[in-house]
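One structure below.
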Ligand SMILES: [Zn+2]
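This is the structure we're talking about:
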């Protein structure tokens, strides 16, 4: 009965969803279990009994219908607050946990942050570098996926055209960190990284010429992590002016800020 309760919710606590079962290194066959098959209505009456129902038969009290799979902490919690954790509330939690387990069954687990994305980029700054005639974008990348992941591609989309980030010169340090070495950067679980990317044609590894058509007001920075969804940051182009570099190309200065950012 205990084993079935646990299996019906994938060995996750029915309240807080922590994993309740894992290996113990004591022997090659040892299991470290922190789960409890808790009684919804108490197994026996008396002082300290919670949700005891005198009308139930002993068989009903020990049945699987009267059990809920919890971690040790949540099992203490439900026995310290029978006002919140009523029979009806616990039956509802159990139902919800089993229905979640059914949806999750046979699928890859999402990250425990409840976010399917592996990385979370936050714009640090963006500017047009007049010397190199390129856009430089700096962003913090937080690895929220808790697993090692690889940032594989960084691009900037302006007026429907996608520019791949060029490899920056080696050896330049920004805020105490090396320049992002494209095309890949490995992030460990929960890593935080500040990356800076050049988008422009002046670099040895060959970015593309950045042109901003008149009226362009938006750009999108895209980051891709292996196995995750693309992440985007919207840049607003401001303070544009035309600077004649030669007879062909008109350059404009851009400053990007996140849509919600303060300036
Ligand atoms: Zn729990």
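Numbering (the working numbering), first residue to last: -10 to 252.
C-beta atoms are modelled at their ideal positions from N, C-alpha and C, and glycine is treated no differently.
These numbers were taken from a predicted model, which means no experiment stands behind them.
One question on the structure: do residue i and residue j come within less than 8 Å of each other, judged by their Cβ atoms?
i: residue 87; j: residue -2; result: yes
i: residue 222; j: residue 128; result: yes
i: residue 135; j: residue 178; result: yes
i: residue 31; j: residue 107; result: no
i: residue 140; j: residue 130; result: yes
i: residue 205; j: residue 176; result: no
i: residue 53; j: residue 1; result: no
i: residue 154; j: residue 188; result: yes
Starting from the C-beta of residue i, find all residues in its chain whose C-beta is less than 6 Å away, skip the five residues before and the five after it, and write them out in chain order.
i: residue 57; result: 3, 27, 29, 79 and 83
i: residue 180; result: 132
i: residue 61; result: 23 and 25
i: residue 44; result: none
i: residue 90; result: -2 and -1
i: residue 162; result: Caution is warranted here: a pLDDT of 37 is assigned to residue 162, below 50, making its placement in the model unreliable, and no coordinate value can be reported.
i: residue 21; result: 11 and 13
i: residue 219; result: 211 and 213
i: residue 109; result: 131 and 133
i: residue 50; result: 32
Might you give, ordered along the chain, the residues of its own chain that have their beta carbon closer than 7 Å to the beta carbon of residue i, omitting 5 neighbours on each side?
i: residue 208; result: 145, 146, 147, 224, 226 and 245
i: residue 64; result: 25 and 27
i: residue 193; result: Confidence in residue 193 is poor, its pLDDT being 49 and thus under 50, which makes the residue's placement unreliable; the coordinate value appears in the next sentence. Closer than 7 Å at the Cβ level, and outside the excluded window around residue 193, lies no residue.
i: residue 8; result: 0 and 1
i: residue 55; result: 28, 29, 30 and 49
Return the chain-ordered list of same chain residues with a C-beta closer than 8 Å to the C-beta of residue i, the five sequence neighbours on each side being excluded.
i: residue 71; result: 39 and 40
i: residue 76; result: 29, 30, 40 and 42
Counting only C-beta atoms, is residue i closer than 8 Å to chain D at any point?
i: residue 176; result: Although the question refers to chain D, the structure presented lacks it and comprises just one protein chain.
Any heavy atom of ligand 1 nearer than 6 Å to the CB - residues listed: 2, 4, 5, 7, 59, 60, 62 and 63
Which runs of the alpha helix (DSSP H), 4 residues or longer, sit entirely within the region 44 to 72? 47 to 50 and 61 to 67
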